[in-house]
Amino acid sequence: MNKINTGFTILASSQTSLQLTEDFSSQIEWFPWWQISFDEQICIAGVSLEGFLEGADQPPLITILLSDDGENWLPVWTQPFHEIDFQKNISGVFKQTYSARHIRVRYDGYGSLSFRDINIKTLVCLGNENKVGELLFNYEKSALEAKVVISTLFNESEDYLRQYIDNFLAYSPDNVSLIINFPTDRLIPDYAKKISSRIHLFNGNIHREKWGHTLLLGHLEAFREAQIVFPNFNYFSTMASNGLMVRKMNIAAILEQLSLGCRVPVACERAYERDLDVDVLEPTFHGTWMWHHFRNTTGLGEFLSEKLEIEQVSATQIEGLFARREDWNQLHVRKDKIRELGSLLSFENFMAIEEILPTAIFDQFGTGQYTHICKVHWLGTRLVTISDLLEMVPNLPDHVCALKWFERSRTALPTLAVTTPWGRSLLELGQNQQYDIEQFQRVTFAKKLLSKACNEERFGALTNRWWANDEQGEVGFNWSIENLPCSRQIVPCEIPNCIPARIFPAYFFMEDTGLRVSISLTIRESSDGENILRMACTALTDKGVLVSGVRLQGYLYLSGLQGDTVFCLTLQDGKCSPADVLARIVFHNENDYEVDYPDRIEHFVRGEKRYFARTALGKDGQVWIGLPVYCNSTIEVGLSIGPNFCSHRILEI
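Under the working numbering, the first residue of the sequence shown carries the number 9, and numbering increases by one thereafter.
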């Protein structure tokens with residue numbers, strides 16, 4: 009580290025290296041940071057790192073932040089690109105000189121922050137430097153005066169609408185409003201119209217598709233509606249219905265990001281640099297798949313050049329795209345020309361026009377300043393998890409307040425954690441990083457409540473409503489079939505003495521493997537109040553040759569016929585072969601088939617219980633759990649249902 013003429017201390021989020029001043033490395037974590045705090049104010053013009061991420065396979069994402077008090081931070085320089093040629097040396101030269109006492113270097117993602125040496129470019133303070141404390145004060149003042157509108161295009165269930173609105177109201181300040189664009193012919197629920205003066209729902213006129221230009225037109229409809237309903241707004245942002253807020257929206261931090269003028273999302277998991285400044289007449293052969301479709305769309309480049317006067321476009325995410333009203337208005341005044349794009353676009357060459365036009369217009373006709381307040385899980389295109397909420401969210405950059413993808417569900421735990429008061433309360437308990445006596449007492453109280461609540465759960469045999477008496481349940485049934493061709497067909501199980509039902513409580517749904525399978529199945533009720541299920545499968549080719557290897561042939565679907573259900577699988581070590589044969593569980597609700605993972609796992613000696621919460625469609629609907637059927641595999645598993653199990657059999661006296 010270069011020579012500093014004042015005392016200092018060094019801190020870090022974590023440390024695996026022997027020292028903090030050089031050859032530093034943090035643990036692998038979300039957004040690790042290194043910080044130096046000076047005894048006096050210094051004037052800073054830049055920070056450079058030598059040996060940055062040396063030996064690490066991580067994108068070089070980094071932000072430099074400054075502070076006067078070590079608590080409130082101003083981002084002054086960001087490197088958000090994945091594919092820069094930096095030769096393990098990063099040099100952050102600030103556009104202006106700042107006066108501050110604290111400098112923080114933050115790695116913008118999941119990984120380890122490491123460098124060999126750090127150099128801080130200092131200057132003699134002349135009194136005309138940008139004072140970080142004053143800048144932060146001004147941003148806070150602007151945030152209080154701001155009026156923000158968020159636009160969401162919505163076509164989900166009414167249950168999820170309640171959750172979505174609850175999430176917004178809980179995590180947004182009073183000067184932020186939400187406009188929800190409903191489909192043209194869908195009735196808007198009365199309760200949603202009255203729930204808050206900050207919520208406005210309307211029926212848009214655009215028939216929206218998942219591709220093309222209609223999503224952008226939907227947001228522009230919302231922009232026009234905002235001009236009428238919230239006429240004094242000065243900032244506008246888009247949001248997806250499966251992108252939910254996960255922390256309080258920090259408008260001051262968002263405005264700070266606007267000043268940085270970052271062209272791609274900070275801490276983005278996707279590389280966008282090959283998608284920037286693409287010539288509309290000669291689009292690139294690199295970058296996103298969309299440019300291939302762009303080239304194949306006859307007349308698109310010429311239309312953008314001649315009608316919209318755009319020479320270059322750039323792809324970036326639409327989720328959480330935040331900009332000034334005047335920038336969005338540049339798009340709005342061109343909405344009629346954007347509508348004309350419909351005659352050029354086709355499903356064969358589908359594109360996300362909402363990902364390329366807004367920033368192109370902002371850059372060419374507006375301020376060129378925008379940011380993203382939603383972090384999208386592009387890496388693996390995965391759903392948000394409870395671990396994300398507990399470990400990632402407390403460390404997110406201050407301007408990021410939302411995550412995507414969430415499951416639009418009233419049973420998915422991550423969704424419930426941020427869309428219900430009880431979920432947020434428990435989440436806050438788990439996120440609290442200040443462990444004092446008050447936190448200790450909260451946790452102690454929560455443990456006692458949890459113990460009492462768990463004792464109230466009741467689980468029983470899934471087959472309780474299949475048979476009229478316990479005697480039949482204890483006997484159970486054996487079912488087998490030989491040489492069944494697998495051709496994407498449903499095969500009901502013949503259950504002896506089964507109480508008549510509207511639907512099949514047990515059936516196989518076979519894959520289209522072209523093989524002939526033989527399956528044996530046994531289900532009976534145990535004295536412990538659960539079912540013991542055993543299943544084995546073999547397969548032959550059409551020439552009668554025995555198939556080797558473990559291959560998926562279909563699924564066995566089972567329903568407890570009680571509507572909403574928590575399914576509990578009890579797995580004991582050594583009872584299934586291969587051991588991971590039940591890793592992929594599918595559920596059916598009379599409409600969809602969906603893979604899901606346990607909401608809860610409880611471990612015991614030589615085994616575990618896996619719990620899956622599923623909701624039925626309507627009060628008379630049913631749900632099924634689907635266990636995979638692999639050839640050359642065997643399954644023995646306990647199966648029960650809850651959480652408020654009550655026997656429906658008549659006791660014999």
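Just so you know, even glycine gets a beta-carbon here, dropped at the ideal spot from N, CA and C.
Distance from L186 to R206 at the Cβ level is roughly 6 Å; contact confirmed, criterion being Cβ atoms closer than 8 Å. The Cβ atoms of F123 and L69 lie no closer than 7 Å to each other.
Every unbroken stretch of the beta strand (DSSP E) spanning 3 or more residues and falling wholly within the segment 598–642 is given here in chain order: 601–604, 608–612, 615–622 and 632–639. Bridge pairing for R278: absent [DSSP]. In the same chain as K201, and ignoring 5 residues on each side of it, the C-beta atoms closer than 7 Å to its own belong to L209, in chain order. Taking the C-beta atoms as reference points, L391 is found no nearer than 7 Å to A425.
C-alpha of N146 to C-alpha of V113: approximately 23 Å in a straight line. Here S322 really is in contact with D283; their C-beta atoms are around 6 Å apart, less than 8 Å. Two segments are said to touch when three or more pairs of C-beta atoms, one from each, lie closer than 8 Å; by this definition the segment 101–112 touches the segment 71–81. For a cut-off of 8 Å, the C-beta gap from L387 to E290 is around 31 Å, too long to register as a contact.
Within the DSSP secondary-structure output, A248 pairs in no beta bridge. In the DSSP annotation of this structure, L387 is not part of any beta strand (DSSP E), being labelled neither H nor E.
Per the Cβ contact rule, the segment 235–242 is not in contact with the segment 371–384 (fewer than 3 Cβ pairs under 8 Å). When the five nearest sequence neighbours on each side are left out, the beta carbons in the same chain lying within less than 7 Å of the beta carbon of L329 are those of S245, T246, P366, Y378 and H380, in order along the chain. For V483, the uninterrupted alpha helix (DSSP H) segment begins and ends at D478 to V483.
Among the bridge pairs identified by DSSP, F210 is matched with N189. Counting C-beta atoms within 10 angstroms of its own C-beta, N189 has 16 or more neighbours from the protein chains shown and is therefore classed as buried.
Taking 4 residues as the shortest admissible run, the segment 303–369 contains the following complete alpha helix (DSSP H) segments, listed from N- to C-terminal end: 308–314, 333–340 and 343–347. Boundaries of the beta strand (DSSP E) harbouring G562: R559 to L566, taken from the DSSP string. Assignment of L28 by DSSP, reduced to helix, strand and coil, places it in the coil class.
Between R532 and G484, the beta carbon gap of about 3 Å places them in contact (Cβ cut-off 8 Å).
Here DSSP, grouped into helix, strand and coil, assigns C494 to coil. For W413, the secondary structure class from DSSP, reduced to helix, strand or coil, is coil.
Fewer than three Cβ pairs drawn from the segment 517–528 and the segment 623–630 lie within less than 8 Å of each other, which leaves the two stretches out of contact. Residues of the same chain with a CB within less than 6 Å of the CB of K343, apart from the 5 flanking positions on each side, are L228 in chain order. In this structure, A410 and V254 form a Cβ contact; the two beta carbons are roughly 6 Å apart against a cut-off of 8 Å. CA-to-CA, the gap between Q320 and F302 works out to about 13 Å. Residue environment for L316: buried (at least 16 other C-beta atoms within 10 angstroms of its C-beta).
About 6 Å separates the beta carbons of H596 and Y565, which is inside the 8 Å limit, making them a contact pair. Here S159 has I187, H227, A230 and T246 as same chain residues with Cβ atoms under 6 Å from its own Cβ, once five neighbours each way along the sequence are excluded. Less than 7 Å divides the Cβ of Y118 from the Cβ of W38. If you draw a straight line from the Cα of K627 to the Cα of W41, it is about 51 Å long. Contact between the segment 126–139 and the segment 46–55 is present: three or more C-beta pairs spanning the two stretches fall below 8 Å. Burial check for T192: the Cβ neighbour count within 10 Å stays below 16, so the residue is exposed. In the three-state reduction of the DSSP assignment, W430 falls in the helix class, which pools H, G and I. When DSSP states are grouped into helix, strand and coil, T452 belongs to the helix group.
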